[in-house]
Amino acid sequence: MKKLPLHVKIIIGLILGIIYAFISSAMGWNEFTINWIDPFGTIFIRLLKFIAVPLVLFSIISGVSGLSDVTKLGRLGAKTLGIYLITTVSAVAVGLLLVNMIKPGDYIDNDQRVKNRISYELWVNETTGVKPKDNKDFLSDPKYADVVAEVTNDPDYAAPKTDISDKMAAAEQTKDAPPLQFIVDMVPENIIESIANNKLMLQVIFFAIFFGVTLVLIPQDKAKPVIDFINGANEVFLKMVELVMKAAPFFVFALLAGVIAKMADSPAEVFEIFKGLGSYSITLLIGLAFMIFVFYPLIGVVFIKKLDYKKFFRNISPAQFLAFSTSSSAATLPVTMECVEENMGVSKNIASFVLPVGATVNMDGTSLYQAVAVVFLAQMHMVDLSLAQQLTIVLTATLASIGAAAVPSAGLIMMIIVLQSVGLNPAWIAIIFPVDRILDMCRTVVNVTGDATVATLIASSEGELNKD
Ligand code: ASP
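Here is the structure:
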């Protein structure tokens, strides 16, 4: 076991975790698994999360204060955000194309879809009153009179089965914010508060850049001890990541065993959960796989000269497997930074700036998922979305993915905004909820791979990529 590379050990931990979870469900050990194994997964995520904030803080300050030309920072910032935006919009476009081609919603039983449509029209009448744009009217069609009566009397249709009111409140807050709020939110009010709150990473980034730039502006003899301290502290946190990662294969085992044990009591139940949503899950997985195996390599081939893609995967795979196991770009960030710097040869200046920003705002997997999920939900309710509505999805899915926090299930909550933007019922997120955790694991891999690709691309364009 000792000679195996880390990513192979992590894969083994991952597979053993899945196998164990199925044995645990079959043998009825789930309570034991949840009480005695799952906590180690939680410990792992906590370790990574507590390292992430100081690591981002110290590595950005250290990177910025080491820049020979601070004006370069503005260009770097614009370039980073520009490329992130392009990859996110491309991901939404890929998602929309796929979901319109495959039409996963059409695989749902037709009678069921008619009922879904009627319940949707009832909901429209009861709430916003905005008629669906496709001009179909099932409610007043005599052909469906019986079904309308059936649906109207079915309490299951009147209320969503899962209570989503807390999720609605969270999404609502973002949606109703004034236009410049996102810039206001970047500026810390109290830096201790920003550091203490995992959701305020952008404020920590803002502070770190400001601090780093100011360090360059003060006399060198005053700046030196501070820079030395920061560089030293940065080394400590990097070493911590390395130490924690040594135990990653075991932790990943615990995480996977815990996630599956909490999902279902028996292996048959897991398959049952996926069956009804199979066409949706497969469409989404095709899209995510396309991003990882075609889209990013294509960027590599076209824009990063002489990038060996096999090597790229080998280099960043620990981060990818970790993204899969933790479902959190933020928890994965310390490892993504290590992989990109140590294995890929991206300079510290670039990695320490591009990756933390990416983990917070660049979520290609999440935006693709939102596009696929929203159109799928429309299809299974027999709602045809117009071109204008699909373009609205491009815009809102992009914004919702930028606004999503880098933690498990954040994308699902932000999807409420996308559904509302095209007049669909936000309570529908309850429909895809059962399969969401597993798909979240997959989209987080895309999120992290996207960040690593863009960091490599920017480093290469700035002449800061060491290909050896
Ligand atoms: N879990 C994702 C991430 O951390 C966000 C999402 O829910 O899509 O990147």
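Numbering (our numbering), first residue to last: 289 to 756.
Yeah, the Cβ is synthetic: ideal placement off N, Cα and C, and Gly gets one too.
DSSP three-state assignment for residue i, whether helix, strand or coil
i, result
"VAL634", "strand"
"LEU355", "coil"
"LEU573", "helix"
"ILE300", "helix"
"LEU427", "coil"
"LEU753", "strand"
"HIS669", "coil"
"ILE374", "helix"
"VAL695", "coil"
"GLY316", "coil"
"THR737", "helix"
"VAL547", "helix"
"GLY365", "helix"
"ASN404", "helix"
"GLY646", "helix"
"LYS419", "coil"
"ALA447", "Because ALA447 sits at a pLDDT of 49, beneath the cut-off of 50, its placement in the model cannot be relied upon, and the point is left open."
"PRO342", "helix"
"LEU294", "helix"
"ILE497", "helix"
"VAL640", "One detail in the question is off: residue 640 reads as Ser in this sequence, not Val. SER640 falls in the helix class under three-state DSSP."
"LYS563", "helix"
"ALA465", "coil"
"ASN323", "helix"
"ASP397", "coil"
"ASN713", "coil"
"PRO722", "helix"
"MET236", "Nothing can be reported for residue 236, as the shown portion of the chain is limited to 289 through 756."
"SER748", "helix"
"PHE674", "Note that residue 674 corresponds to Ser in the displayed sequence, not to Phe. Three-state result, SER674: coil."
"PRO476", "coil"
Heavy atom of the ligand ASP within 6 Å of residue i beta-carbon
i, result
"ARG731", "yes"
"ASN735", "yes"
"SER655", "no"
"PRO696", "yes"
"GLY738", "no"
"ALA535", "no"
"ALA699", "Note that residue 699 corresponds to Gly in the displayed sequence, not to Ala. The answer is yes for GLY699."
"ASP728", "yes"
"ALA607", "no"
"SER617", "yes"
"ALA685", "no"
"ALA661", "no"
"ALA692", "yes"
Span of the alpha helix (DSSP H), counted from its first residue to its last, around residue i
i, result
"TYR584", "584 to 591"
"LYS391", "Where LYS391 is concerned, there is no enclosing alpha helix (DSSP H), given that its DSSP letter is neither H nor E."
"TYR597", "597 to 614"
"ASP509", "508 to 534"
"VAL439", "433 to 441"
"PHE470", "469 to 472"
"THR624", "617 to 626"
"ILE483", "479 to 484"
7 Å Cβ cutoff, residue i in contact with chain B
i, result
"LEU573", "Here there is only one protein chain, and chain B is not present."
Check: residue i C-beta below 6 Å from any heavy atom of the ligand GDP
i, result
"SER569", "Judged by which ligands are present, the ligand GDP is missing from the structure shown, whose ligands are the ligand ASP."
Does the region 368 to 383 touch the region 527 to 540, meaning 3 or more C-beta pairs lie closer than 8 Å?
-> no
Using 8 Å as the threshold, is the region 340 to 349 in touch with the region 516 to 530, meaning 3 or more CB pairs across them?
-> yes
The region 603 to 619 touching the region 714 to 724, judged by at least three CB pairs closer than 8 Å = no
Determine, using beta-carbon pairs with one atom in the region 470 to 485 and one in the region 322 to 339, whether at least three such pairs fall under 8 Å.
-> no
Would you say the region 624 to 644 touches the region 680 to 696, given that touching needs at least three Cβ pairs under 8 Å?
-> no
Mind the definition here: the region 635 to 650 touches the region 733 to 743 only if three or more C-beta pairs lie below 8 Å; say whether that holds.
-> yes
Inter-stretch contact at 8 Å, needing at least 3 Cβ pairs: the region 626 to 641 / the region 744 to 754 = yes
Between the region 679 to 693 and the region 408 to 415, are three or more C-beta pairs nearer than 8 Å?
-> no
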